[in-house]
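Participant:
In this note's numbering, the protein residues as written are 34 to 558.
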């Protein structure tokens, strides 16, 4: 289609009144290929202008409007820039990316209670707001010596730091924001006390006598979008310490660990290790528990800390050695990439295929997701109990890894390895037989589908088990391993093979002696 051709000098933008305007006289659209102009800017420049004087300069109506728009943009843009909030390097509570929600939106939305600002005010979650006030009232009633104003003042001092923990500006006034932190923090704190100590009267608490509600709340507390900063809980916990309490109170980390695990097993080990970390929120706490003991904390200057895996530290030392031996930057980067990736593979064969190739499976001694090893034909995997909340936990942990600046994709690496190992329900069945998986979800097909879909729309820069996948693939290419597995897999099989070999040797010897004997007899004859 051609460009518009101006046929009238009447321009609606500069007429004195609407009555003078006739749409049919302003412009027509030329037929295809018959337009007067080759560029749209030419059409604008040659449009009827009915010019007028503005100062000493003659301006068209279009140029005037363009100038006014620029001035308006400059004014509004400057105002917008002045009010733009700076990005915080400490943000750790994020919105789940749309591409992840498109796979399973329900895994990221709270069902019962809103914690923090992202889901605050949603109609389906309003019932629990009254329970938050009840929990605060119950705590203050139990400890009347506690002054609520002390908590409010402390939270006001922490308001700025708390706001910076969110990945987007929170459009709540100061009073409303502090009230939200107070109610949400106390609800979590008192709920954990009730679950751990059992010293509160629960007969009138619907959260306890309604069987499904407590489980639903605990699931909501680990959603990425449903968090408050952990330091808010720590301050509320420390301020609530009352002298001469009739029951000794565990630490906040022990309370949190017990509430999510159901027991104080390994509480000393867990609390001692995690206390060295700067836990960001409850979901981050859960992630740290799954990665212990394969992570360690190293001090850094300026009072800050960073988390580093033992593997990464070893790789860093290797990189330093490479740097001393090579001067070409490209060569150094290539060698470092080989060290980091281990020259490995991103996928491996399924459990069924590995078993047919002679690989054996055992349960690892630790439940840490990173404690996976392959040595002497034995693949060790941590035990995993698959329940109805397993997918929710994995998806939120992976979403946190995808959004957080200084968090690597360790949880996703585990899920990705399991995706490679599990292709069919038969693979799940084999892992159950080996004691690696306990299926409380339903059919084995449900477990297979869970791992096969959990990595959709995930972007990662590193797969932590590429070296193990490489070793597994190399092991499967050797036919000797399959032969050994077929014929030397049990003591009785070994005895049978040895007996068969001995019998074969004896038979061969007997045949040889018979031939020699016959030959000697025929020679004598």
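We put the CB at the ideal spot given by N, CA and C, even for glycine. Here the structure is a predicted model, which is why all the values come from computation and not from measurement.
Between residue 540 and residue 487, what straight-line distance do the alpha-carbon atoms span, to the nearest angstrom?
Facilitator: Taking the straight line from one Cα to the other gives about 59 Å.
Participant: Is it the case that the stretch 316-326 contacts the stretch 426-433, given that we only count it when at least three CB pairs across the two stretches are under 8 Å?
Facilitator: These segments touch.
Participant: Let me know if residue 416 comes out buried or exposed under the rule of 16 or more other beta-carbons within 10 Å of its beta-carbon.
Facilitator: With fewer than 16 Cβ atoms within 10 Å of its Cβ, residue 416 is classed as exposed.
Participant: In three-state terms, what does DSSP make of residue 497?
Facilitator: Looking at residue 497 - three-state DSSP - the assignment turns out to be coil, as it is neither helix nor strand.
Participant: Could you check what DSSP says for residue 406 in three-state terms: helix, strand or coil?
Facilitator: Residue 406 falls in the strand class under three-state DSSP.
Participant: Could you tell me how far apart the beta carbons of residue 379 and residue 502 are, in whole angstroms, since I believe they sit closer than 8 Å?
Facilitator: Confirmed, Cβ separation roughly 7 Å.
Participant: Is it right to say residue 156 is buried, meaning 16 or more other beta carbons lie within 10 angstroms of its own, or is it exposed?
Facilitator: Result: exposed.
Participant: How would you label residue 411, buried or exposed, when you count the other beta carbons within 10 angstroms and need 16 or more for buried?
Facilitator: That one is exposed.
Participant: Could you give the C-beta distance for residue 158 and residue 229, rounded to a whole number, given that I count them as a contact under 8 Å?
Facilitator: About 25 Å separates the two Cβ atoms, so there is no contact after all.
Participant: Grab the span of the alpha helix (DSSP H) containing residue 419 for me, first residue to last.
Facilitator: Taken as a continuous stretch (DSSP letters only), residue 419 belongs to no alpha helix (DSSP H), being part of the beta strand (DSSP E) at 417-419.
Participant: When the Cα atoms are used, what is the spatial distance from residue 400 to residue 323?
Facilitator: For residue 400 and residue 323, the distance between alpha carbons rounds to 7 Å.
Participant: Look at the alpha carbon of residue 241 and the alpha carbon of residue 473, and state the distance between them as a whole number of angstroms.
Facilitator: If I take the Cα positions, the gap works out to 23 Å.
Participant: By how many angstroms is the C-alpha of residue 499 removed from the C-alpha of residue 131?
Facilitator: Looking at the two C-alpha atoms, the distance is approximately 28 Å.
Participant: In angstroms, rounded to a whole number, what distance separates the CA positions of residue 455 and residue 286?
Facilitator: Near 35 Å, if we compare the C-alpha coordinates of residue 286 and residue 455.
Participant: Buried or exposed: where does residue 180 fall if 16 or more other Cβ atoms within 10 Å of its Cβ makes it buried?
Facilitator: Exposed, by the Cβ-count rule.
Participant: Where does residue 231 land, buried or exposed, given buried means 16+ other C-beta within 10 angstroms?
Facilitator: Classification for residue 231: exposed.
Participant: If we ignore side chains and look at the alpha-carbon of each, how far apart do residue 190 and residue 386 end up?
Facilitator: Distance between the alpha carbons of residue 190 and residue 386: 59 Å.
Participant: From the DSSP output, which residues share a beta bridge with residue 394?
Facilitator: Looking at the DSSP assignment, residue 394 forms a beta bridge with 412.
Participant: Decide if residue 271 is buried, meaning its Cβ has at least 16 other Cβ atoms within 10 Å, or exposed.
Facilitator: Residue 271 comes out exposed.
Participant: Assign residue 176 to one of three DSSP states: helix, strand, or coil.
Facilitator: Reduced to three states, the DSSP call for residue 176 is coil.
Participant: Give the DSSP-derived three-state secondary structure of residue 455 in the structure shown.
Facilitator: It is coil, neither helix nor strand.
Participant: When burial is assigned at 16 or more other CB atoms within 10 Å of the CB, is residue 262 buried or exposed?
Facilitator: Residue 262 should be labelled buried.
Participant: Report the CB separation of residue 199 from residue 150 in whole angstroms; it is logged as a contact under 8 Å.
Facilitator: Contact holds; Cβ gap of about 7 Å.
Participant: Alpha carbons only, please: which of 420, 508, 543 is nearest the one belonging to residue 17?
Facilitator: Outside the shown range of the chain (34 to 558) lies residue 17, about which nothing can therefore be said.
Participant: Rounded to whole angstroms, what is the Cα-Cα separation between residue 489 and residue 188?
Facilitator: Rounded to whole angstroms, residue 489 to residue 188 spans 40 Å at the Cα level.
Participant: Under a three-way DSSP split, which group does residue 287 fall into?
Facilitator: Correct three-state label for residue 287: helix.
Participant: Please list the segments of the alpha helix (DSSP H) lying wholly inside the stretch 179-221, counting only runs of 4 or more residues, in order along the chain.
Facilitator: If we require 4 residues or more, the alpha helix (DSSP H) runs fully inside the stretch 179-221 come out as 181-196.
Participant: Taking 8 Å as the cut-off, decide whether the C-beta atoms of residue 424 and residue 140 are in contact.
Facilitator: Contact: yes.
Participant: Tell me whether the beta-carbon of residue 467 lies closer than 8 Å to the beta-carbon of residue 395.
Facilitator: Result yes, Cβ atoms of residue 467 and residue 395 sit closer than 8 Å.
Participant: As a quick exercise: from 320, 439, 282, 312, pick the residue whose alpha carbon is nearest that of residue 294.
Facilitator: The shortest C-alpha separation from residue 294 is found at 320.
Participant: Are the CB atoms of residue 217 and residue 148 within a distance shorter than 8 Å?
Facilitator: Taking 8 Å as the Cβ cut-off, residue 148 and residue 217 qualify as a contacting pair.
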